[in-house]
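Only one structure is covered here, and it is reproduced in the block below.
Number of protein chains: 2
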Amino acid sequence: MTQPARIWTAALLVIGDEILSGRTQDKNVTQVATWLNVQGIRLAEVRVVGDTEAAIVEAVNALRARNDYLFTTGGIGPTHDDITVDAVAAALGVGVEIHPQARAILERYYESRGGLTEARLRMARVPAGAELIPNRMSGAPGIRVGNVFLMAGVPSITAGMLDALTGTLEGGQPVLSETIGCWVAESEIAELLRETETAHAGSAIGSYPFFREGRTGANFVIRATDPALLEACAQALATGLRAMGREAVPGGI
Amino acid sequence: MTQPARIWTAALLVIGDEILSGRTQDKNVTQVATWLNVQGIRLAEVRVVGDTEAAIVEAVNALRARNDYLFTTGGIGPTHDDITVDAVAAALGVGVEIHPQARAILERYYESRGGLTEARLRMARVPAGAELIPNRMSGAPGIRVGNVFLMAGVPSITAGMLDALTGTLEGGQPVLSETIGCWVAESEIAELLRETETAHAGSAIGSYPFFREGRTGANFVIRATDPALLEACAQALATGLRAMGREAVPGGI
Chain A
556 MTQPARIWTA
566 ALLVIGDEIL
576 SGRTQDKNVT
586 QVATWLNVQG
596 IRLAEVRVVG
606 DTEAAIVEAV
616 NALRARNDYL
626 FTTGGIGPTH
636 DDITVDAVAA
646 ALGVGVEIHP
656 QARAILERYY
666 ESRGGLTEAR
676 LRMARVPAGA
686 ELIPNRMSGA
696 PGIRVGNVFL
706 MAGVPSITAG
716 MLDALTGTLE
726 GGQPVLSETI
736 GCWVAESEIA
746 ELLRETETAH
756 AGSAIGSYPF
766 FREGRTGANF
776 VIRATDPALL
786 EACAQALATG
796 LRAMGREAVP
806 GGI
Chain B
556 MTQPARIWTA
566 ALLVIGDEIL
576 SGRTQDKNVT
586 QVATWLNVQG
596 IRLAEVRVVG
606 DTEAAIVEAV
616 NALRARNDYL
626 FTTGGIGPTH
636 DDITVDAVAA
646 ALGVGVEIHP
656 QARAILERYY
666 ESRGGLTEAR
676 LRMARVPAGA
686 ELIPNRMSGA
696 PGIRVGNVFL
706 MAGVPSITAG
716 MLDALTGTLE
726 GGQPVLSETI
736 GCWVAESEIA
746 ELLRETETAH
756 AGSAIGSYPF
766 FREGRTGANF
776 VIRATDPALL
786 EACAQALATG
796 LRAMGREAVP
806 GGI
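Quick look at the structure:
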């Protein structure tokens, strides 16, 4: 028997009143999840909290303890509602300090943009002992402290920070997936899905129904870390659908 | 002195592997948040968990205890990965039963669609003691049990369930908001934002920077429950921006 491979997990904490008020549609969950998967790390849970220190502290401590990594997005800018650094420092029980390299980066960045004001210097503040995550886009760096990674809320800046972290984190086998679409009510083939998943231990089949142009359909997403198992499970599902007189659309509908 | 108005809060639990894998972009946080605000209820926190009973149970019990209401989306369909009803029943310590009215609704709905199979009958299962939330779109109802509301994952169906709940929940004063946009780096006016917020106790100003066509700007969202306070705070911010030689764009950029 081979040892089951270690599964690496991460949590994501989205910080910002603008998400909870419904004003802003979050884009970071999807991009962080997709990026993590390529690193061989599974996004195990997400929380969204407002710009409130107590809420951030509680979530940071719960999530960093039970996952290999914790990522946060939002609240690292220069304004009064940017309190992520202070809250994470409080959660870790460390002080806040000016990171000399962050200060130098900001001095350079703002040299031609009106200079490094007190508000802008806020973006050089980090929990004590932190390292920086490069931000090629807007000067202010992200922050790594222990297994906690503080990133920007603006999705394009977050993307750049993720890019800077690519390949630097220890992970396991990426989860592979294959999608099969079918114009069928998922309730008609629920038994086939259950049987196919059970017959392929280590795989998982998700069923995602949709309604388009007055028709009912569903996409079935098969997931596994072993490519041979993934292929076998997907084949079995497609064969099962065809045996019921249904077309199985590779790649999904 | 008037009594401070009671603030009603809700949490949202988004259930589904498809969100955590990055396959599906969640749309329910935004629509539930927006809907709640109209009901005078504030979305205080969101969690996203996968299709795992232990994770759902933990989140349900944490969130329902400290909020007036808990909403869940996802996992109430007919397939093997739809485990929300069982998990919520486990969290509440109650059994699962077939709701007679849900069964009747499904029988009628599927009469012309191949009949009520065993898989479809799963959608009539509810935690003991639950009431139904009408679903005009696809037959299977949502479920209310105590202060927990189980809704569909498909956003258009969730929307219908929210619509059916409109005006039925006790809430307080809706949070009003006004947005002012400005082509400015938020770091340049951080002090103005902080001072304006402090001078208008009971208001909150969020600062949301963006980068478009190579230019830096930000939208400032002022929130308050009192319309006069909201207006005064928004006016003061606009006046402050103009005093710094900046245009304040009503409604945001």
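Quick mapping for you: the protein sequence lines, in order, are chains A and B. Numbers 556 to 808, taken from the numbering used here, label the letters of the first sequence in order. Numbers 556 to 808, taken from the numbering used here, label the letters of the second sequence in order. No residue lacks a Cβ here, since even glycine has one placed at the ideal position from N, Cα and C.
Name the residue from the options whose alpha carbon lies nearest to the alpha carbon of residue i.
i                 : options                                    : result
glycine 648(A)    : Ser742(A), Thr627(A), Gly684(A), Leu625(A) : Gly684(A)
leucine 671(A)    : Val587(A), Ala679(A), Glu662(A), Val709(A) : Glu662(A)
arginine 770(B)   : Asn616(B), Cys737(B), Ile698(B), Glu673(B) : Cys737(B)
glycine 727(A)    : Glu741(A), Phe704(A), Asp781(A), Met692(A) : Asp781(A)
threonine 639(A)  : Val604(A), Leu598(A), Thr753(A)            : Val604(A)
alanine 645(A)    : Pro633(A), Gly632(A), Glu608(A)            : Glu608(A)
leucine 796(A)    : Arg749(A), Thr721(A), Arg561(A)            : Arg749(A)
leucine 717(B)    : Asp623(B), Glu600(B), Thr628(B)            : Thr628(B)
alanine 740(B)    : Pro696(A), Pro764(A), Arg675(A)            : Arg675(A)
alanine 779(A)    : Gly595(A), Arg801(A), Ser742(A), Leu575(A) : Gly595(A)
proline 764(B)    : Pro633(A), Gly757(A), Ser576(A)            : Pro633(A)
glycine 807(B)    : Asn774(B), Ala642(B), Ala789(B)            : Asn774(B)
glutamate 733(B)  : Arg561(B), Gly722(B), Glu786(B), Thr721(B) : Glu786(B)
isoleucine 631(A) : Asn592(A), Ile688(A), Glu725(A), Gly761(A) : Ile688(A)
aspartate 637(A)  : Gly650(A), Pro655(A), Ile611(A)            : Ile611(A)
leucine 731(B)    : Ala803(B), Ser711(B), Ala789(B)            : Ala789(B)
methionine 706(B) : Glu652(B), Gly722(B), Val681(B)            : Val681(B)
glycine 563(A)    : Val593(A), Gly571(A), Ile570(A), Arg658(A) : Position check: residue 563(A) holds tryptophan in this sequence, whereas glycine was assumed. When only C-alpha atoms are compared, the closest one is Val593(A).
isoleucine 777(A) : Ala657(A), Gly761(A), Arg677(A), Tyr664(A) : Gly761(A)
aspartate 572(B)  : Gly708(B), Ser667(B), Leu598(B), Arg561(B) : Gly708(B)
alanine 599(A)    : Glu613(A), Arg578(A), Arg621(A)            : Arg621(A)
isoleucine 810(B) : Ala659(A), Met678(A), His654(A), Arg767(A) : This structure cannot settle anything about residue 810(B), because the visible part of chain B is limited to 556 through 808.
Start and end of the alpha helix (DSSP H) containing residue i?
i                : result
glutamate 752(A) : 745–754
glycine 795(A)   : 782–798
Using DSSP bridges, identify the partner residues of residue i.
i              : result
glycine 736(A) : Asn774(A), Val804(A)
leucine 720(A) : Its beta-bridge partners do not exist; DSSP assigns none.
proline 764(A) : Ala773(A)
If the cut is a Cβ gap below 7 angstroms, which residues of chain C does residue i touch?
i              : result
proline 633(B) : The displayed structure is made up of protein chains A and B, and chain C is not among them.
### Query
Which residue spans inside the stretch 635–714 of chain A form an unbroken beta strand (DSSP E) run of at least 3?
Runs found: 651–653, 680–682, 686–688, 697–700, 703–706.
### Query
Which whole runs of the alpha helix (DSSP H) in the stretch 561–634 of chain A are 4 residues long or more, in chain order?
572–575, 583–593, 608–621
### Query
Given 8 angstroms as the limit, is there contact between the stretch 571–583 of chain B and the stretch 608–624 of chain B, that is, 3 or more CB pairs closer than that?
no
### Task
Assess, as a yes-or-no matter, whether the stretch 744–760 of chain A is touched by the stretch 687–696 of chain B under the definition of 3 or more beta carbon pairs within less than 8 angstroms.
Look at the beta carbons and you see the stretch 687–696 of chain B not touching the stretch 744–760 of chain A: under three pairs across the two are nearer than 8 angstroms.
### At least 3 beta-carbon pairs within less than 8 angstroms: the stretch 695–707 of chain A vs the stretch 750–768 of chain A
no
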